[in-house]
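Asks: Just so we're aligned: 391 in the UniProt record's numbering is position 391 of the sequence shown, and the numbers increase by one with no gaps anywhere.
Got a structure for you, questions after.
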Amino acid sequence: MGIKAVGKYKLVITLERRIPYFDKLMGFAVFFPQSEKVVKKYGSKYGTASKYMIYNGPFVQKGWTVSNLSWKMVKNKYYWDKKSVKLNTITWSVQKTPSTSYNLYQSGKLDYTSLDSSQTKQLKSTKGYTTLNQGATFYMQFNIAKNKYLANTNIRKAISLAVNRKGLVSSLGGNNVAANTLTTPGLTDVNGKDYTKLLSSSAESLYPSSTKKSEAVKYMNKGLKQLGVSKFSFKILADDTDSGKKTAELLQSNIEATFGSKVSVSVQNLPFKTRLSRSTAGNFDIVVSGWSADFADPISFLDLFTSTNSENNGKWKNATYDKLIADSKTTSSTSKRWSDLTKEENILLKDAGVAPLYYSTTASLIRPSVKGVIQNRGTWNFKNAYITSSK
């Protein structure tokens, strides 16, 4: 397998080819080390409950059984740096509604609570309010393989230009940000500059914060003329969550208001699993999808839309894009790799292969007396967390 343990503390991995982002992959959960002895001991039960796992971090999980609504993390007495760990116990609880969680926070029974969109609007000025960039982008994916209208580049551009992204973000509440790139800002830097700043402004212009009606109509008329039709209809598929419903409704409203009788839009909101199943099967016209980066590199987003990627449900294809993706994965030149990545994303955006809508940001309240918690998008670090007497 090209993996060899050298002594107790060193692992040597030999790759078939150079992977420029290999170090970032090592922080991804699927690459975490496992104890062969423990995995074999617990067999199929491994990882299904607290007692069927082992721990090498500052805390040991107690009482988690998948279905229960409360469990604890207890200080690990065998942790190598246990003297730096201030907390003895962290209690986790699952609440069925954001309002229940907030009420428990208000009464002092919780020290942290996530907020929904309506709470976010009301509580932005509250002490302890915090936001976290999720490294996630929500976008429209067009079924290019099965819908002849959406296979037309000009029609896709027209639909994107009709969207009022600022209005969408406002409707959703929270701290989401209107998106004009697939890769999220803040994911990675290139020589001290955010990667997204390297992208073409002409590509980004197809994804305005507010509706560009005249441009949208121009592209729509061009697309309809190319297809020899005067009007068409399509359906937007989205989750049946509050945000999914609001997103689909706003898209429907924006598009029909921009194009009038030329375009008729219907909406279908389904439970996540059903929506995902239909997306994977290609059973949609436009689907509202989202992706959160697995690791801090644009390839985590851009690889999705190569012609053979299973996440490319709309089957957008571009031979140059595919080649640039392949080249960026193997080149030994860092500067060439960044050049390839920016070219790739510019191609995708200029062709409206997908239409970015917004970058996802979560909001929460954390009690001001709780200090030292490091909030990352994936996992939080409580090693140096502590409680003060201040409120």
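Backbone N, C-alpha and C fix where the C-beta goes; we use that ideal spot for every residue, glycine too.
Keep in mind the model is a prediction, meaning the values are calculated, not measured.
How would you call ARG337, buried or exposed, if buried means at least 16 neighbouring beta carbons within 10 angstroms?
Replies: Numbered from 1 along the sequence shown, position 337 holds the residue referred to as residue 337. Its Cβ being crowded by 16 or more others within 10 Å, ARG337 is buried.
Asks: Going by DSSP, which residues form a beta bridge with ASP189?
Replies: Taking the first residue of the sequence shown as 1, we reach residue 189 at position 189. Answer by DSSP bridge pairing, in chain order: ASP194.
Asks: Going straight from the alpha carbon of PRO185 to that of GLN375, what length do you get?
Replies: The residue you call residue 185 lines up with position 185 of the sequence shown. The residue you call residue 375 lines up with position 375 of the sequence shown. Rounded to whole angstroms, PRO185 to GLN375 spans 18 Å at the Cα level.
Asks: I'd like the span of the beta strand (DSSP E) that includes PHE232, first residue to last.
Replies: By one-based count along the sequence shown, residue 232 stands at place 232. Its beta strand (DSSP E) spans residues 232 to 239.
Asks: Among ALA363, LYS383, ASN381 and LYS148, which one has its Cα closest to the Cα of LYS127?
Replies: Residue numbering aside, residue 127 sits at position 127 when the sequence shown is read from its first letter. Taking only the C-alpha atoms, the option nearest LYS127 is ALA363.
Asks: For LYS75, report the span of its beta strand (DSSP E) as first-last.
Replies: Start at 1 with the first residue of the sequence shown, and residue 75 comes out as number 75. Start and end: 70 to 75.
Asks: The alpha helix (DSSP H) with THR320 in it runs from where to where?
Replies: As a position in the sequence shown, residue 320 is number 320, starting the count at 1. First-last of the alpha helix (DSSP H) with THR320: 319 to 330.
Asks: From the DSSP secondary-structure annotation, give me the bridge partner or partners of GLN61.
Replies: Position 61 of the sequence shown holds residue 61. GLN61 pairs with MET73.
Asks: Examine the Cβ distances between the region 113 to 123 and the region 359 to 373 and report whether three or more of them are shorter than 8 Å.
Replies: These segments touch.
Asks: Buried or exposed, going by whether 16 or more other CB atoms sit within 10 Å of the CB of ARG17?
Replies: What you label residue 17 is simply residue 17 of the sequence shown in a count that begins at 1. Looking at its Cβ environment, which holds fewer than 16 other Cβ atoms inside 10 Å, ARG17 is exposed.
Asks: Among the candidates GLY223, VAL85 and LEU172, whose CA atom is the shortest distance from the CA of VAL263?
Replies: In the sequence shown, the residue the question calls residue 263 occupies position 263. Closest option to VAL263, Cα to Cα, is GLY223.
Asks: Residue range of the beta strand (DSSP E) that TRP291 falls in?
Replies: Within the sequence shown, the letter at position 291 stands for residue 291. Taken as a continuous stretch (DSSP letters only), the beta strand (DSSP E) holding TRP291 covers 286 to 292.
Asks: Determine the direct distance from the alpha carbon of LEU270 to that of residue 402, and round the result to whole angstroms.
Replies: The chain is shown only over 1 to 391; residue 402 falls outside these bounds and no answer can be derived.
Asks: Under 8 Å: do the region 380 to 388 and the region 337 to 348 share three or more Cβ pairs, one atom per stretch?
Replies: With the cut-off at 8 Å, the region 380 to 388 and the region 337 to 348 do not touch.
Asks: Can you tell me whether PRO58 is buried or exposed, with buried defined as 16 or more other CB within 10 angstroms of its CB?
Replies: Looking up residue 58 in the sequence shown gives position 58. That one is buried.
Asks: Let me know the secondary structure DSSP gives LYS273 once reduced to three states.
Replies: Along the sequence shown, read from residue 1 onward, the residue named residue 273 stands at position 273. LYS273: helix per DSSP, three-state reduction.
Asks: What does the alpha-carbon distance come out to for the pair LYS37 and LYS82?
Replies: In the sequence shown, counting from the first residue as 1, residue 37 sits at position 37. In the sequence shown, counting from the first residue as 1, residue 82 sits at position 82. Cα to Cα, LYS37 sits roughly 25 Å from LYS82.
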